[in-house]
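Chains A and B supply the protein sequences, listed in that same order.
So that you can map any letter, position 107 of the first sequence is 107 in this note's numbering, and since no number is skipped, the others follow by simple counting.
Just add 115 to the spot in the second sequence (first one is 1) and you have this note's numbering.
Notes follow once the structure below has been shown.
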Amino acid sequence: AQSVAQPEDQVNVAEGNPLTVKCTYSVSGNPYLFWYVQYPNRGLQFLLKYITGDNLVKGSYGFEAEFNKSQTSFHLKKPSALVSDSALYFCAVKSDTSGTYKYIFGTGTRLKVLA
Amino acid sequence: NAGVMQNPRHLVRRRGQEARLRCSPMKGHSHVYWYRQLPEEGLKFMVYLQKENIIDESGMPKERFSAEFPKEGPSILRIQQVVRGDSAAYFCASSPLPSDREDGYTFGSGTRLTVV
Chain A
1 AQSVAQPEDQ
11 VNVAEGNPLT
21 VKCTYSVSGN
31 PYLFWYVQYP
41 NRGLQFLLKY
51 ITGDNLVKGS
61 YGFEAEFNKS
71 QTSFHLKKPS
81 ALVSDSALYF
91 CAVKSDTSGT
101 YKYIFGTGTR
111 LKVLA
Chain B
116 NAGVMQNPRH
126 LVRRRGQEAR
136 LRCSPMKGHS
146 HVYWYRQLPE
156 EGLKFMVYLQ
166 KENIIDESGM
176 PKERFSAEFP
186 KEGPSILRIQ
196 QVVRGDSAAY
206 FCASSPLPSD
216 REDGYTFGSG
226 TRLTVV
């Protein structure tokens with residue numbers, strides 16, 4: 001079965017420090033991987049995606065993610081965290097069960113950036 | 116250009132009542148997706164609709180839940196005879212093209228349903 005795991009419920013990081021939010025996946029076939037961010041009382045916003053090609057994907061707001069096939073991981077990273085990055089982050093994989101593509105989301109990781 | 120609009124933002128229903136959740140997609144988007152987020156869980160797919168058609172309802176509970184996306188007006192997710200376990204955040208997303216592996220969606224802010 002296809003699945004996505006975000007092993008950390010919460011990640012705390014000091015402002016200016018690098019941040020990593022972890023994600024691992026389990027899919028049959030090629031993975032199509034995504035990161036979304038949810039700010040309080042807002043909908044999910046698309047950050048970045050990996051479909052094929054370069055393992056390092058760059059996205060919005062200075063975020064990037066590294067696809068690692070051997071470790072089946074797609075960790076989200078940012079070199080220097082901002083307080084405004086504090087939000088809920090979801091990793092997702094697109095799966096084509098039932099004939100249409102749909103997301104399978106992880107449970108989310110709450111990022112807290114401390115001033 | 117308004118994003119995906121969902122209303123109401125919060126909805127409280129007593130057990131046994133009906134809940135109607137509305138979703139207006141982005142302008143020019145004719146594909147709508149509903150996801151549900153139960154407490155402490157990730158979002159889970161419910162249904163994918165195109166105008167006047169249900170394309171994939173494999174994530175919908177078999178009873179009490181229905182969805183529509185009429186030619187005119189918003190998409191509606193309807194829950195009849197709500198129970199406490201229906202309490203969740205319901206998110207709608209839209210896209211201009213049929214769902215494929217590569218596109219990201221635009222999500223609404225969600226409707227938080229509380230059943231008392």
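Just so you know, even glycine gets a beta-carbon here, dropped at the ideal spot from N, CA and C.
In this text, all values refer to a predicted model and were calculated from it rather than measured experimentally.
Contact annotation, Y32 (chain A) with R216 (chain B): C-beta distance approximately 4 Å; criterion of less than 8 Å satisfied. Cβ contact annotation for R179 (chain B) (same chain, cutoff 7 Å, sequence separation greater than five): I194, Q195 and Q196, in chain order.
Selection B:S224, B:S209 and B:G223 evaluated against K102 (chain A) yields B:S209 as nearest (Cα-Cα). N12 (chain A): member of the beta strand (DSSP E) spanning Q10 to A14, first to last residue. Spatial neighbours of Q165 (chain B) in its own chain (CB-CB distance under 8 Å, excluding positions within 5 residues in sequence) are listed in chain order as S145, H146, V147, F184 and P213. Distances from the alpha-carbon of G157 (chain B) to those of B:S190, B:K186, B:A203 and B:L228 put B:A203 closest. Using a CB distance cut-off of 8 Å, D201 (chain B) does not count as an interface residue toward chain A.
Taking one beta carbon from each stretch, the stretch 63-82 of chain A and the stretch 117-126 of chain B have fewer than 3 pairs nearer than 8 Å; the two do not touch. Non-local C-beta neighbours of S3 (chain A) in its own chain, meaning closer than 6 Å and more than five positions away in sequence, comprise S26, ordered along the chain. If you look at V113 (chain A), you'll find it in the beta strand (DSSP E) that goes T109 to L114.
Between the alpha carbons of G219 (chain B) and L136 (chain B) lies a gap of roughly 23 Å. For V147 (chain B), no Cβ of chain A is located within less than 8 Å of the residue's own Cβ. In terms of CA proximity to F206 (chain B), B:T226 leads the group B:T226, B:S181, B:Y163 and B:V162. The beta-carbon distance between G223 (chain B) and G143 (chain B), rounded to whole angstroms, is 16 Å. This is too long to meet the 8 Å contact definition.
Between E155 (chain B) and T107 (chain A), the CB-CB gap stays under 8 Å. Within chain A, T107 have C-beta atoms less than 8 Å from the C-beta of E155 (chain B), given in sequence order.
Contact check for Q45 (chain A) against R110 (chain A) fails: the beta carbons are separated by 8 Å or more. V197 (chain B) does not reach chain A, its nearest Cβ partner there being about 23 Å away, counting only Cβ pairs nearer than 7 Å. Chain order gives the chain A residues near I170 (chain B) as T100, where near means a beta carbon separation below 8 Å. Chain-ordered listing is empty here: chain B has no CB closer than 7 Å to the CB of Y89 (chain A), the nearest sitting near 11 Å. Residue burial annotation: G16 (chain A) is exposed, with fewer than 16 other C-beta atoms found within 10 angstroms of its C-beta. Under a 10 Å Cβ-count criterion, V230 (chain B) is classified as buried, with 16 or more other Cβ atoms of the shown protein chains found around its own Cβ. Shortest Cα-Cα distance from D54 (chain A) to any of A:L47, A:G43 and A:K69 involves A:K69. As the crow flies, the alpha-carbon of Q121 (chain B) is around 30 Å from that of K22 (chain A).
Close CB contacts of N41 (chain A) within its chain, under the 6 Å cut and outside five residues either way in sequence, are absent.
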